[in-house]
Amino acid sequence: MSDIHVRLHNSILWLLLDRQPLNPLTTAMLETLANSIHQSIKLSPRLIVITGMGEQAFCAGVDLPDDSDKQRTELLQAARNTEIAFDEFHLHRVPTVALLKGSVFGPGCELASLCDTLIARDDAVFRLPAVNAKVFPNAVSIRLPSMIGRETTDHLVQNGKTLHAHEAFRLGLVHQVISRR
């Protein structure tokens with residue numbers, strides 16, 4: 088059973104993270120995500136939506152490989168391939184939306200920032216990755232600073248502060264907050 092479900096419905100491509108309850112990313116999930124995105128370009132979706140299954144989290148981080156340098160390198164390469172795949176959507180002008188709920192921590196926050204629009208349920212809680220836990224190279228260096236500013240990004244990364252949905256909206260990290268009901 089795959090930890091990523093890919094569905095095309097009414098020209099909307101759904102990418103569903105499914106490692107409940109917290110949906111942490113793995114190297115295999117990132118590889119599947121990148122491959123699914125590359126293959127879906129041929130289907131000409133009008134919209135891409137990524138979300139997490141279950142109620143507790145969009146994505147609460149990453150299952151870090153053991154201390155093996157090879158495994159860490161594979162994880163980072165898979166993350167880079169995922170970024171490249173999202174860039175393809177931007178080149179083809181296919182809008183991307185992240186639907187966020189519960190924990191949106193570390194690499195989950197980075198992954199969400201690759202999308203054009205971030206919509207958070209009012210129970211969403213965000214935490215940027217620690218300095219040594221970044222997975223997506225451009226997310227913390229380019230995308231997040233363009234959303235919330237370099238100073239705010241650096242502050243949140245260094246302090247590990249969590250943001251609730253409405254504060255994330257106020258800072259510009261998310262574009263809309265919706266009620267859980």
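Residue numbers (this note's numbering): 88 to 268. By construction, the Cβ of each residue, glycine as well, lies at the ideal position given by its N, Cα and C atoms. From a predicted model like this one, the values you see are computed outputs, not experimental measurements.
Check: ALA273 and ALA226 closer than 9 Å at C-beta; Outcome: In the structure displayed, the chain extends from 88 to 268; residue 273 sits before or after that span and is not available.
Check: Own chain partners of HIS92 with C-beta closer than 7 Å, once the 5 adjacent residues on each side are dropped; Outcome: LEU103, ASP105
Check: LEU198 beta carbon less than 9 Å from that of VAL261; Outcome: no
Check: Identity of the residues DSSP links to PHE213 by a beta bridge; Outcome: VAL191, LEU250
Check: Expected contact under 8 Å - CB spacing of ARG208 and ILE265 to nearest Å; Outcome: 6 Å
Check: Residues bridged to CYS146 (per DSSP); Outcome: VAL191
Check: Stretch pair the stretch 127–139 + the stretch 175–183: three plus CB contacts closer than 8 Å; Outcome: yes
Check: Reduced DSSP secondary structure (H/G/I, E/B, other) of LEU162; Outcome: helix
Check: Counted within 10 angstroms of its Cβ, other Cβ atoms place ALA35 as buried (16 or more) or exposed; Outcome: Outside the shown range of the chain, which is 88 to 268, sits residue 35, and nothing can be said about it.
Check: THR160, buried or exposed, once every other Cβ within 10 Å from all chains shown has been counted against 16; Outcome: exposed
Check: Alpha helix (DSSP H) segment containing ILE229, residue limits; Outcome: Premise fails: ILE229 is in no alpha helix (DSSP H) and is neither H nor E.
Check: Residues of its chain near SER123, where Cβ-Cβ distance is below 6 Å and the 5 sequence neighbours each way are ignored; Outcome: VAL93
Check: Inter-residue CB distance, ALA147 and PHE192 (contact presumed, cutoff 8 Å); Outcome: 5 Å
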